[in-house]
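*Asks:*
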Amino acid sequence: MKDNPDVPDELNKIVDKVLGYRPKPKTKAAKKRKRKKTALEKQAKPAQ
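Residue numbering for the sequence shown follows UniProt numbering, beginning at 1 and increasing consecutively.
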């Protein structure tokens, strides 16, 4: 968002926050995918 010099930095920060927002999974299938993904990440990453 640095393309337009007329846009204030505060607005750029707000836009980045809004565009970066990802809602939490609500459906059963989405929750299942999320659990599977986190399980795979934990398995791939050894405990320290």
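Cβ atoms here follow ideal geometry from the backbone N, Cα and C, with glycine treated the same way. Every value quoted in this text rests on a predicted model; they were computed, and no experiment measured them.
With H, G and I counted as helix, E and B as strand and the rest as coil, what does DSSP make of Arg-33?
*Replies:* It is helical.
*Asks:* Is the beta carbon of Pro-25 sitting closer than 8 Å to the one on Lys-17?
*Replies:* Going by C-beta atoms, Pro-25 is not nearer than 8 Å to Lys-17.
*Asks:* For Lys-17, report the span of its alpha helix (DSSP H) as first-last.
*Replies:* It spans 9 to 19 - the alpha helix (DSSP H) in which Lys-17 sits, taken as one unbroken run.
*Asks:* May I have the straight-line CA-CA distance separating Thr-38 from Lys-13, to the nearest angstrom?
*Replies:* Those two C-alpha atoms are separated by around 29 Å.
*Asks:* Identify whether Thr-38 lies in helix, strand or coil by the three-state DSSP scheme.
*Replies:* The answer is helix: DSSP assigns Thr-38 an H, G or I state.
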